[in-house]
Amino acid sequence: MVDRPFGDLGARRQERWAALGPTWSVNFDNTYVATLLVKHFIAALQIAFESHAGRDLGIAPSHTTIDIAMSDDAEETAVGSGGR
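Next comes the structure, spelled out in structure tokens:
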């Protein structure tokens, strides 16, 4: 098992996977709409990664975290990322 069991319980949710060197984490609110939108975002990101799978991109092994926060007001919606 890569992730924790019952990871969809609780107020926040985290999806993790490894691709192109880094380990990726996406954190988001565990609501129906947020889960639907973030899962689509993650799928698009993984498809983009797969298109570069055979190339040497020079990405060092690391851990990258993307925190996604959503609100009803589009001006307040923020997406932040931070690497360690």
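Going by my numbering, the sequence shown opens with residue 1, and the numbers climb by one from there. From the three backbone atoms N, C-alpha and C, an ideal C-beta is built for every residue, glycine too.
Item, Value
"Beta-carbon contacts of T23 that lie in its chain and below 6 Å, excluding the five residues immediately before and after", "H63"
"Spatial distance of R12 from P61 (CA atoms)", "26 Å"
"Beta-bridge pairing of S25 - partner residues as DSSP gives them", "R16, T65"
"Contacting residues, own chain, Cβ-Cβ under 7 Å from I42 (five flanking each side not counted)", "E15, V26"
"Own chain residues within Cβ distance below 8 Å of G10, not counting five before or after", "N30"
"Limits of the alpha helix (DSSP H) - the one that A48 falls within", "32-50"
"Cβ separation of V38 and I68, assumed to be a contact under 8 Å, to the nearest whole Å", "6 Å"
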